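Q: So that we are looking at the same thing, I have put the structure below in structure tokens.
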Amino acid sequence: MKSNSVKPKQPRYMIGKSLLLSFLLTASFTVSSAEQEQSELELYTQFLERYEKYSQPLASAVFDISWESVQARAQQAEALLAEVQSIDLQKLPHHEQVILKTLSSRLEISAHEDDSYYLTFSAAPYRGGIAFSQMPMMLAAQDLSTPAGREAWLGALSAFSQYIRDLDFKHKAQKERGILLPKPAILGIRDLYASQADSAQRQLEIAVQKVAEYDDKVAKEFKERALATLNSEFISALQQFADTLGDEYFSMAPERGGLWQYPGGPEEYRWLIKRYIAEDVDPKDLFKRAQGYVDDLEAKMAVISQEMGFSGSSAEFKEQLWADLEQRPKNAQDIKDTMLGYTAEITEQLPKWFARLPKAPHSAEAVDPELAKTVDRGYFSPPNPMNPVGIYYFKGFDMPSYIYSDVAHLGAHELIPGHHFQVSLMLENESLPPALRRLDVSGGFVEAWAEYAANLGVEMGVFDTPLERYGILGQTLAMGATAAVVDIGFNYYGWSYEEAEAYLDKHCWGPDCVPGSTSRTFNGSVISATDLQGFILPYHISYRKLLEMRERAEQALGDRFDIREFHDAMLEYGVIPMDVLEFHIDHFIDVRSK
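Residues 91 to 684 in the numbering used here are what the sequence shown lists, from first letter to last.
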């Protein structure tokens, strides 16, 4: 029943007291929140200092793969993770949240190292090749005019000798656990490690010549010590490892590659999927998604071939394209000139697409033929104190593996606006803590961005001819989409090499589109199965995620969407995990929406 009574008026002074009380409570709460934020920031700062001390030795210990060192690093990471859990993330500003989430993700990977130790083949072609590609640079970096520099040179050679001994110990321990390299990988590894003795000998001769420029007597003494180290340590370790991977090992090795066949392998592969693409997804569902991306790319390629007046099948068009010698670079210099020509065109367009541009220059060079067996197409070397130029090293002698549109894609992917652009901005960004200004490829964003960058060249209008657009899609198909299918096929479904080759023949790109040619793409899939399992997944799967983020920002912001601001947000924190990037982009959208 509704009351007809009149509610007495509240005295004005009571209203004033209520407002005062409300103000005091609010002020008290505000001060408390500020104090809490300050408290969390202090914890964050303390953690950052400890993380920096932890991460600095990692650079010098990059080749320290001994079980004792890996276990120690994992334990240190677990201790730091416990410290992270004591910090209330929600009470930190967004900037600090992004940094803390990123470092926490890296620590989780480090903490897992001891669990995955016996499931990683450290001697496999790509991992081992990366290590040995550093040897000439590390030796050449020493100042041989001083006694300390000469000792450092000998110490570096000894360190690589120890690295090989650790490889030997690890592969023996893996063998005891029934974890052996597959036969196809063993042959490549034998060739790689057999070539290292000659490589070290050449580095020794170069070093002796440099010392002789200062003092012939000192050069003679240095040569004697260097030869003793080379023979008693380096070559001895190589021979021991060759014996370990000898006939007995080969006879016991499996015919197939992939983690599926090893104890704990299926669980490890699921973990790798989450590590690289930051998604907790069933491999079966991811397999279907990757197959869908392959179909989508080939449909787009078919449309372009029809635009060019071709009425045959997709396979016929690819065969015709790759059989056309006019589409192939003539030599290594032609590859370099073509690549840098494309990146120069892209550089002119950068101010329209990016708010910040890197200062470091870039270039391209042919890779040392000795390292050619360890890489698929090449590798990017970021700017560093020894060389301030970011360089993409490409295979310069394998002309059938290239057409000009491939070179265009590689230039954009590896240099501008891909790896060199992203990494240089990160290295030059003084607003980031040192830990985030060091290159870390433990997540998938770095390769997802490079693929986004390559396809951005089409949007910029640099890759504007039908053949260029077709080729960019073809390289995107081979570098990411089909490779993802094969990676899951090998590591989850237990595909044979014959099954993988059949799939890549059906969805070919490269010289393997021409009947009877050597399948470069298939050789790359061997690396995927035995070396860097899961690493290839973000090339295309996470690239698609970047497109989704951009589409979400465009729809949410409408006319307020600025592609320069969006790209600046994407690259603001350098190389961060995909889920942390998405967290940051959601924040960017929220801020720009207001």
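Note that beta-carbon positions come from the ideal geometry of N, C-alpha and C, so glycine has one too. Quick caveat: nothing in here was measured; it's all calculated off a predicted structure.
Leaving out the 5 sequence neighbours to the left and right, which residues in its chain are closer than 8 Å to Ile177 when beta-carbon positions are compared?
A: Excluding sequence neighbours, Ile177 sits near Glu130, Leu133, Tyr134, Phe137, Leu190.
Q: Just how far apart, CA to CA, sit Leu317 and Gln293?
A: Cα-Cα distance, rounded: 11 Å.
Q: Need the endpoints of the alpha helix (DSSP H) that Phe683 sits in, please.
A: Checking the sequence shown, residue 683 turns out to be Ser, not Phe. Segment 668-683, the alpha helix (DSSP H) holding Ser683.
Q: Among the residues of its own chain, which have a CB less than 8 Å from the CB of Arg640, if the five just before and after it don't count?
A: Contacts found: Phe656.
Q: Starting from His185, trace the alpha helix (DSSP H) in both directions and tell me its first and last residue.
A: It spans 184-201 - the alpha helix (DSSP H) in which His185 sits, taken as one unbroken run.
Q: Got a sec? Which residues, its chain only, sit under 6 Å from Glu312 by beta carbon, not counting five neighbours each side?
A: This sequence places Phe at residue 312; Glu is not what is there. Taken in chain order, the residues that qualify are Arg240, Val301.
Q: Taking only the alpha-carbon atoms, compute the straight-line gap between Gln161 and Tyr208 and give it to the nearest angstrom.
A: Using only the alpha carbons, I get a separation of about 12 Å.
Q: Nearest to Gln417 by alpha carbon, out of Glu558, Lys635, Leu234, Asp530?
A: Closest by alpha carbon: Glu558.
Q: What ranges does the alpha helix (DSSP H) occupy inside the region 253-297, keeping only unbroken runs of at least 4 residues that lie completely in it?
A: Listed in chain order, the complete alpha helix (DSSP H) runs (minimum 4 residues) inside the region 253-297 are 273-284.
Q: Between the Cα of Pro448 and those of Val576, Met516, Leu282, spot the shortest distance and give me the residue it belongs to.
A: The residue with the shortest Cα to Cα distance from Pro448 is Met516.
Q: Have a look at Val121 and Ala643 and give me their C-alpha separation to the nearest angstrom.
A: Residue placement at Val121 cannot be trusted, given a pLDDT of 46 that sits under 50; what the coordinates show is reported in the next sentence. Distance between the alpha carbons of Val121 and Ala643: 35 Å.
Q: Take the Cβ of Ile267 as the centre, count every other Cβ of all protein chains shown within 10 Å, and call the residue buried at 16 or more, exposed below.
A: The sequence shown places Arg at residue 267, rather than the Ile named in the question. Counting Cβ neighbours within 10 Å, Arg267 comes out exposed, since fewer than 16 surround it.
Q: Relative to the C-alpha of Asp488, which residue among Pro473, Glu397, Val457 is closest?
A: Among Pro473, Glu397, Val457, the Cα nearest to that of Asp488 is on Val457.
Q: Taking 8 Å as the threshold, find out whether the region 214-234 comes into contact with the region 549-567 through three or more Cβ pairs.
A: No, the region 214-234 is not in contact with the region 549-567.
Q: For His499 versus Phe470, is the C-beta distance shorter than 8 Å?
A: Cβ distance not < 8 Å, so His499 and Phe470 don't count as in contact.
Q: Can you list, in chain order, the residues of its chain with a C-beta nearer than 6 Å to that of His677? Leave out the 5 residues immediately preceding and following it.
A: His184.
Q: Would you mind sorting Thr236 into buried or exposed? The rule is 16 or more other CB atoms within 10 Å of its CB.
A: Result: exposed.
Q: So Tyr663 packs on Thr319, CB below 8 Å; how close in whole Å?
A: The pair is not a contact, with the Cβ atoms about 43 Å apart (cut-off 8 Å).
Q: Measure the alpha-carbon distance for Gly486 versus Pro601 and round it to whole angstroms.
A: Gly486 and Pro601: Cα-Cα distance of roughly 16 Å.
Q: Please classify Asp258 as buried or exposed, where buried requires at least 16 neighbouring CB atoms within 10 angstroms.
A: Burial call: buried.
Q: Roughly how many whole angstroms lie between the Cα atoms of Ala309 and Ala290?
A: If you take the alpha carbons of Ala309 and Ala290, they lie about 17 Å apart.
Q: In angstroms with no decimal places, state the Cα-to-Cα distance between Arg467 and Gln128.
A: Distance between the alpha carbons of Arg467 and Gln128: 49 Å.
Q: In chain order, what residues of the same chain lie with their CB nearer than 8 Å to the CB of Lys408, ignoring the 5 residues before and after it?
A: Taken in chain order, the residues that qualify are Gly564, Cys598, Trp599, Cys603.
Q: If you compare alpha carbons, which of Gly570, Gln165, Leu234 is closest to His202?
A: Answer by Cα proximity: Gln165.
Q: Suppose only complete runs of 4+ residues qualify. What are the alpha helix (DSSP H) ranges in the region 149-176, listed by chain order?
A: If we require 4 residues or more, the alpha helix (DSSP H) runs fully inside the region 149-176 come out as 157-175.
Q: Would you call the region 647-654 and the region 386-393 touching, i.e. three or more CB-CB distances under 8 Å?
A: No, they do not touch.
Q: Use the C-beta contact count for Ile296: other C-beta atoms within 10 angstroms, 16 or more gives buried, fewer gives exposed.
A: Flag for Ile296 reads exposed.
Q: Taking only the alpha-carbon atoms, compute the straight-line gap between Trp443 and Pro473 and give it to the nearest angstrom.
A: One C-alpha to the other measures close to 23 Å.
Q: Going by DSSP, what residue range makes up the alpha helix (DSSP H) through Tyr432?
A: Element bounds for Tyr432: 422-443.
Q: How many whole angstroms separate the CB atoms of His630 and Ala544, which I take to be in contact at a CB cut-off of 8 Å?
A: Not a contact, Cβ separation roughly 11 Å.
Q: Note down the Cα distance separating Asn477 from Glu323, rounded to an integer number of angstroms.
A: Their Cα atoms are separated by approximately 30 Å.
Q: Which class does Ile481 belong to by DSSP, given the choice of helix, strand or coil?
A: Strand.
Q: Opposite Asn474 in the DSSP bridges: which residues?
A: According to DSSP, which records beta bridges pairwise, Asn474 is partnered with Asn477.
Q: If you compare alpha carbons, which of Pro507, Asp658, Asp680, Val513 is closest to Val665?
A: Of Pro507, Asp658, Asp680, Val513, the residue nearest in Cα terms is Val513.
Q: Around the C-beta of Lys260, are 16 or more other C-beta atoms found within 10 angstroms, so that it is buried, or is it exposed?
A: With 16 or more other Cβ atoms within 10 Å, it is buried.
Q: State the DSSP-derived secondary structure class of Phe119, mapped to helix, strand or coil.
A: Caution is warranted here: a pLDDT of 45 is assigned to Phe119, below 50, making its placement in the model unreliable, and the coordinate value is therefore given only provisionally. Here Phe119 sits in helix by DSSP.
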